[in-house]
Structures are given as C-alpha cells and as structure tokens.
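Following: one structure in structure tokens, then a few remarks.
Number of protein chains: 2
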Amino acid sequence: MSTETGLRERKKRETRRRIERKAFELFETAGFENTTVEAIARAAEISPRTFFHYFPTKEDVVLADYADRLDRIVEQLAGRPEVEGPWEALEASFMVVATDYDTERDLLARRFRIMARSPSVQARSLQLQSGWEDAVAEVLSRRSGREEQDLESRLMAGAAMIAMRASQRHWLATGQEVHLPALVRRCFGMLAGGFGSVH
Amino acid sequence: MSTETGLRERKKRETRRRIERKAFELFETAGFENTTVEAIARAAEISPRTFFHYFPTKEDVVLADYADRLDRIVEQLAGRPEVEGPWEALEASFMVVATDYDTERDLLARRFRIMARSPSVQARSLQLQSGWEDAVAEVLSRRSGREEQDLESRLMAGAAMIAMRASQRHWLATGQEVHLPALVRRCFGMLAGGFGSVH
DNA sequence: ATGCAAACTTACAGTCACTGCAATTATTAG
DNA sequence: CTAATAATTGCAGTGACTGTAAGTTTGCAT
Numbered sequence: 322m323s324t325e326t327g328l329r330e331r332k333k334r335e336t337r338r339r340i341e342r343k344a345f346e347l348f349e350t351a352g353f354e355n356t357t358v359e360a361i362a363r364a365a366e367i368s369p370r371t372f373f374h375y376f377p378t379k380e381d382v383v384l385a386d387y388a389d390r391l392d393r394i395v396e397q398l399a400g401r402p403e404v405e406g407p408w409e410a411l412e413a414s415f416m417v418v419a420t421d422y423d424t425e426r427d428l429l430a431r432r433f434r435i436m437a438r439s440p441s442v443q444a445r446s447l448q449l450q451s452g453w454e455d456a457v458a459e460v461l462s463r464r465s466g467r468e469e470q471d472l473e474s475r476l477m478a479g480a481a482m483i484a485m486r487a488s489q490r491h492w493l494a495t496g497q498e499v500h501l502p503a504l505v506r507r508c509f510g511m512l513a514g515g516f517g518s519v520h
Numbered sequence: 322m323s324t325e326t327g328l329r330e331r332k333k334r335e336t337r338r339r340i341e342r343k344a345f346e347l348f349e350t351a352g353f354e355n356t357t358v359e360a361i362a363r364a365a366e367i368s369p370r371t372f373f374h375y376f377p378t379k380e381d382v383v384l385a386d387y388a389d390r391l392d393r394i395v396e397q398l399a400g401r402p403e404v405e406g407p408w409e410a411l412e413a414s415f416m417v418v419a420t421d422y423d424t425e426r427d428l429l430a431r432r433f434r435i436m437a438r439s440p441s442v443q444a445r446s447l448q449l450q451s452g453w454e455d456a457v458a459e460v461l462s463r464r465s466g467r468e469e470q471d472l473e474s475r476l477m478a479g480a481a482m483i484a485m486r487a488s489q490r491h492w493l494a495t496g497q498e499v500h501l502p503a504l505v506r507r508c509f510g511m512l513a514g515g516f517g518s519v520h
C-alpha cells in the first residue's frame, strides 16, 4: 500500500520531493525569508498555485516529515503496555522514534539550521509541538483512566516535549558531535529524578 | 519616570490603550481572524499605518503585556540570591510575578480565550515563550558559572515554562475556578519531585 | 509669542503569502 | 476509445506588513 504504483501517485511523490529538494537548496543559499514561493515554484517547475496543493504553508516544506515523526510517537505511546508507568511509556515511545534520528542526521541538521535562522519556521515548529503535546496529554489522561485531561498528564506531556527540544538545541549548539538519542535519554533521566535535589 | 507627564507621552499611551480596547472588543465579537487591521484602525480612529507604529503584528495587540510579564520573571531571576538552588530561584521568581495573576484575572481570561481560538495568536505566544525560555536558560547557565548554555539549564528553563503553560491550560479548561498560582506551585512541585516514581 | 527641530501621523505604492474559482490537461477505469 | 476523476494552472482578490516621503503636532529655546 505504500507502493501504490500508479503513474499518478508516482508523479505526485516525485513532484513533492522536487519541491522539497529545491526549496531546501534555496533556503540554504538565500535564506528562508528571502525565498519566495514563486521562486520555489519556478525552481521546481510548477506553478505557484500548485505549490499550495502540496504544502499548506511555506514553513511546512521544512517541517512536513518532522510532523510525521511526532505522529509516530503518539502512535507508539498508544500501543505501550498498561503496566508501564506513564513516564516510562513516554520515554520508550520516544526512543523508538529517536533511533532513526541517527540515520537521518544530516537531513535533521539541515532542517534545524534553517529553522534556527528563521523565526516563522520556528513558530510553526512550536505550533506543531504544541499540538503534539496536547495529543500526548490526551493519551496519558486516558491511560490513567480519566475522561478529561488532568494537570499531571499535561505537565508530563509538556516535559517530554521539552526534553526533546532541549536536546535538539543542545545538539545543534554543540555542533552535532554528541549522539542525539543519548541527550534525549539524559533529559528524560533528569526529569525522572526531579529538580528538587539540584544545588 | 513612569509618570512622564508630557502631552506627547500621554497621547501615545491613550492611543495605545484605545487600540487595545477596541481590538479586544472586535476580536471577541467577530473573532481574531475575521478582524482586519483596517477595522481596528477605523475603530481606534487612526490610520492603518499608524497601527503598525504601535504594534509590530496584529497578534501582539493580544500579547504585548504578557511579554512584559515574562521579562519581569527574568529580571526577578537575575536578582535572586546565589545560595538558592536554581529550581528554587526559578520557582520564587515565578511566584513573585504570578501573584498579580490574581488581580488581573479577568484580563488574563479574556486574553487566553482569544488565544485559545486563534492559531496565529497561539503561535506568537509560543514564540514569545520560547524566547523567554532561552533568556532563562542563559541566566541559569551563568548562575552555575558557565560560559555557554548547558543541557540542564536549558531543560530546567523549558520545564519552568511548561509548568506555566500546563497551569494556564488547566486553569482555562476547568473554568478558572482554581487559584492559578496554586496550580503553578503544584506543577513546580511535581517537577521538583520528578516523574520517576509515578505509576 | 515665534520659530525651529524632533516626534508623530498619514497616504501611497508595493511585496508576499495564501485562497477560491473556473478552465484546462493528464490519468485511470471500463 | 470514452467517460469519470484527479491534478495543474491562470486569474483575480484579500490581508498583513514595509519603505518612503510629505504633512501635522509637540517641545523648547529665544
């Protein structure tokens, strides 16, 4: 099913890739803000109007598959065994997805670099994360048998997101020399232990 | 000095207030997205161009003094005694500012309601929070004698922000019946204790 | 008071992201 | 081959935001 071999599907996938590839190139050379959708369209040999059939906003070209990754974490979480504590389950879900952080390190770094330099992409990324946070809070609440989201589930979901974000920034700031999943694990560890004892 | 009694200053303050007041009314009746800057300008009896001399974006009308509040937290933090642990200092800084959450409860609720219904205001709010998070991480890093931001400072800053956000959302979702500062305190408490023991 | 400088407001023209619509072209299924 | 379906495109429009230059108001020194 992921190998829908129709001509139509294939063309669409190719066009989408072409847009992404060209857009990234332009973003990296000219900067995100200085690259117009028209320029991307020209480079990808489509009309400007068509661009918006593929991506809802210019920002989403950078973040599309980042969003997919977030969705996968939620899926993982929903499938964790009930006996696990919520934080445990959260960490495990994360780590499953974080594993392929390593195989796509370069793409990841490119994305982050573009994001780091353009406020609007950052904003969109935060928005995605926030939606994700909400979804996680929902799953965690259900897990603990509640109808409505409780404070602790919200907090935990947010904390997990922060673990991810702090890791990302640190990873970027230190020149990507460290293993990203290891950073994530350390963050989860600190949050598990709590800040009360830190002096 | 806050009572600059020149005519010029007074007029500016009045205009700014008038924009805010009218804009809020329009946002609440018609919705943020359905309110154009032109309409706000008309209601506030200024030209559309002038609007942008007062607020950089439409979103900032809703969030301007929220940003101020965030700045004050950072100021507080910078002034905390060195003997305090970082998390302690962070909580204390928060609580100082959170105190007047209570006196401005209505304004706060209005702001949150507008925000909750309009993605772009949410996005802008997240952006502000993210900038704030970075500033806090910076102060915390200095505090622990580092030149560059370390992972733990970043994480702690993020966690504090999440404490704030989770509290806000919970407060809104439960109909503002609970004391907001109390929620914040509970969140800080949970993060101090850590999630490791939760089952 | 008066006149000059600085600050504030405004009109105008322009850029750019994004949308709805309707016409055109390409792909598919029968 | 043909009819239905999906993708692409052009076009006209909206709305946020910016630079610029000209007009208006306020502050201040004389």
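Residue numbers (the working numbering), protein chains in the order written: chain Y, 322 to 520; chain F, 322 to 520.
Every residue gets a Cβ at the ideal spot worked out from N, C-alpha and C, and that includes glycine.
### Query
Using a C-beta to C-beta distance shorter than 7 Å, which residues of chain F count as neighbours of I483/Y?
Here residue 483/Y corresponds to residue number 162 of the first sequence, with the count starting at 1. Within chain F, the residues near I483/Y are L476, G479, A480 and I483.
### Query
Between S323/F and T378/F, what straight-line distance do the alpha-carbon atoms span, to the nearest angstrom?
Stepping through the second sequence from its first residue, residue 323/F is reached at position 2. Stepping through the second sequence from its first residue, residue 378/F is reached at position 57. For S323/F, the predicted model reports a pLDDT of 44, less than 50, meaning its position is unreliable; a value from the coordinates is still stated below. When rounded, the distance between both Cα atoms is 25 Å.
### Query
Counting Cβ pairs, one atom from each stretch, are 3 or more of them under 8 Å apart for the segment 385-402 of chain Y and the segment 353-373 of chain Y?
Touching, no.
### Task
Answer with yes or no whether the minimum CB distance from W453/F to chain Y is below 8 Å.
For the purposes of this step, residue 453/F is identified with residue 132 of the second sequence, where counting begins at 1. Cβ-Cβ to chain Y under 8 Å: no for W453/F.
### Message
Could you tell me the alpha carbon to alpha carbon distance between Q497/F and E468/Y, rounded to whole angstroms?
### Response
Position 176 of the second sequence, counted from the first residue, corresponds to residue 497/F. Position 147 of the first sequence, counted from the first residue, corresponds to residue 468/Y. The straight-line gap from Cα to Cα measures roughly 19 Å.
### Query
Of all the residues that make up the segment 503-518 of chain F, which are near chain Y by a beta-carbon distance shorter than 7 Å?
So the list reads L504, R507, C508, M511, L512, A513, G514, G515, F516 and G517, given in the order they occur along the chain.
### Query
Which chain Y residues sit within Cβ distance under 7 Å of L391/F?
Mapped onto the second sequence, residue 391/F falls at position 70. Near L391/F there are no residues of chain Y at all, since even the closest Cβ is about 15 Å away, more than 7 Å.
### Task
Quick one: give me the first and last residue of the alpha helix (DSSP H) that D389/F is part of.
Here the question's residue 389/F lines up with position 68 in the second sequence. Taken as a continuous stretch (DSSP letters only), the alpha helix (DSSP H) holding D389/F covers K379 to A399.
### Query
How would you write the range of the alpha helix (DSSP H) that P440/F sits in, first residue to last?
Walking along the second sequence from the start, residue 440/F turns up at place 119. Element bounds for P440/F: P440 to R464.
### Query
For Q470/F, which residues from the same chain have a beta carbon less than 7 Å from its beta carbon, with the 5 sequence-adjacent residues on both sides left out?
Taking the second sequence and counting its residues from 1, the one referred to as residue 470/F is at position 149. The answer, listed in chain order, is A458, E459 and S462.
#### Entry: Any C-beta of chain Y under 8 Å from that of H374/F
Residue numbering aside, residue 374/F sits at position 53 when the second sequence is read from its first letter. No, because no Cβ of chain Y sits closer than 8 Å to the Cβ of H374/F.
### Query
Which two residues bound the contiguous alpha helix (DSSP H) that contains P369/Y?
Along the first sequence, one-based indexing puts residue 369/Y at 48. P369 to Y375 is the extent of the alpha helix (DSSP H) around P369/Y.
### Message
Beta-carbon within less than 6 Å of A481/Y's beta-carbon, same chain only, minus the 5 sequence neighbours each way: which residues are those?
### Response
On the first sequence, position 160 is the one that residue 481/Y refers to. These residues qualify, in order along the chain: L411.
### Query
Just to confirm, are P407/Y and M477/Y a CB contact at a threshold of 8 Å?
As a first step, residue 407/Y must be located in the first sequence, where it is residue number 86. As a first step, residue 477/Y must be located in the first sequence, where it is residue number 156. Their beta carbons are under 8 Å apart, which means P407/Y touches M477/Y by this criterion.
#### Entry: Within chain Y, the residues that R490/F reaches when beta carbons sit closer than 7 Å
Counting from one through the second sequence, the residue named residue 490/F turns up at place 169. For R490/F, the chain Y residues whose C-beta falls within less than 7 Å of its own C-beta are R475, listed in chain order.
### Query
Name the chain Y residues whose beta carbon is nearer than 7 Å to that of R486/F?
Here the question's residue 486/F lines up with position 165 in the second sequence. Simply G479.
### Query
If you check the beta carbons only, do L384/Y and V442/Y fall under 8 Å apart?
Mapped onto the first sequence, residue 384/Y falls at position 63. Mapped onto the first sequence, residue 442/Y falls at position 121. Against a cut-off of 8 Å, the Cβ pair of V442/Y and L384/Y comes out as a contact.
#### Entry: Nearest-angstrom Cα separation, counted from G510/F out to E473/Y
Here the question's residue 473/Y lines up with position 152 in the first sequence. Here the question's residue 510/F lines up with position 189 in the second sequence. A straight line joining the alpha-carbon of E473/Y with that of G510/F spans about 11 Å.
### Query
Considering only the beta carbon of each residue, do R438/Y and F345/Y sit closer than 8 Å?
As a first step, residue 438/Y is located in the first sequence; it is residue number 117 there, counting from the start. As a first step, residue 345/Y is located in the first sequence; it is residue number 24 there, counting from the start. No, these two residues do not count as a Cβ contact at 8 Å.
### Task
Just the C-alpha distance for R434/Y and L493/Y, rounded to the nearest angstrom, thanks.
In the first sequence, counting from the first residue as 1, residue 434/Y sits at position 113. In the first sequence, counting from the first residue as 1, residue 493/Y sits at position 172. When rounded, the distance between both Cα atoms is 8 Å.
#### Entry: Helix, strand or coil at Q489/Y according to DSSP, with G and I counted as helix
Locating residue 489/Y in the first sequence gives position 168, where the first residue counts as 1. Three-state result, Q489/Y: helix.
### Message
Tell me the rounded alpha-carbon separation between M485/Y and R475/F.
### Response
Taking the first residue of the first sequence as 1, we reach residue 485/Y at position 164. Taking the first residue of the second sequence as 1, we reach residue 475/F at position 154. The C-alpha of R475/F is placed about 11 Å away from the C-alpha of M485/Y.
### Query
Q321/F versus chain Y: which residues are under 9 Å apart at the beta carbon?
The first residue shown for chain F is 322 and the last is 520, placing residue 321/F beyond what the model contains.
### Task
Put T495/Y into one of helix, strand or coil per three-state DSSP.
Within the first sequence, residue 495/Y is the residue found at index 174, counting from 1. Here T495/Y sits in coil by DSSP.
### Query
In three-state terms, what does DSSP make of M322/Y?
Position 1 of the first sequence, counting from 1, holds the residue named residue 322/Y. With a pLDDT of only 41 at M322/Y, under the threshold of 50, the placement of this residue in the model should not be trusted; the figure read from the coordinates follows. Correct three-state label for M322/Y: coil.
#### Entry: Check whether A365/Y and K332/Y have beta carbons under 8 Å apart
For the purposes of this step, residue 365/Y is taken as the residue at position 44 of the first sequence. For the purposes of this step, residue 332/Y is taken as the residue at position 11 of the first sequence. Against a cut-off of 8 Å, the Cβ pair of K332/Y and A365/Y comes out as no contact.
### Task
Starting from the beta carbon of A444/F, find every residue of chain Y whose beta carbon is closer than 8 Å, and list them in chain order.
The residue given as residue 444/F occupies position 123 in the second sequence. What A444/F touches in chain Y: A444, R445, L447 and Q448.
### Query
Exposed or buried, which one is H491/Y when buried takes at least 16 other CB atoms within 10 Å?
Sequence index remark: in the first sequence, residue 491/Y carries index 170 (1-based). Residue environment analysis places H491/Y among the buried positions, since at least 16 neighbouring C-beta atoms fall within 10 angstroms of its C-beta.
### Task
Could you spell out where the alpha helix (DSSP H) holding P502/F opens and where it closes?
The count along the second sequence starts at 1 and reaches residue 502/F at position 181. First-last of the alpha helix (DSSP H) with P502/F: L501 to G514.
### Query
According to DSSP, is R363/F helix, strand or coil?
In the second sequence, the residue the question calls residue 363/F occupies position 42. Helix at R363/F.
### Task
Can you have a look at M350/Y and say buried or exposed, based on whether 16 or more other CB atoms are within 10 angstroms of its CB?
Within the first sequence, numbered from 1, the residue matching residue 350/Y stands at position 29. Met is not the amino acid found at residue 350/Y; the sequence shown has Thr there. Per the 10 Å Cβ criterion, exposed.
### Query
Apart from the five residues on each side of it in sequence, which residues of its chain come closer than 7 Å, Cβ to Cβ, to R464/F?
On the second sequence, residue 464/F is found 143 positions in, with the first residue counted as 1. Closer than 7 Å at Cβ, skipping near neighbours: P407.
### Query
Could you check where the alpha helix (DSSP H) with F353/Y kicks off and where it finishes?
The residue labelled residue 353/Y in the question sits at position 32 within the first sequence. In the DSSP assignment, F353/Y falls outside any alpha helix (DSSP H) and carries neither an H nor an E.
### Task
Hey, could you find the ends of the alpha helix (DSSP H) P407/Y is sitting in?
On the first sequence, residue 407/Y is found 86 positions in, with the first residue counted as 1. Per DSSP, the unbroken alpha helix (DSSP H) holding P407/Y starts and ends at P407 to A419.
### Task
Please classify E403/Y: does DSSP put it in a helix, a strand, or coil?
As a working mapping, residue 403/Y is identified with position 82 in the first sequence. In this structure, DSSP gives E403/Y a state outside helix and strand, which the three-state scheme calls coil.
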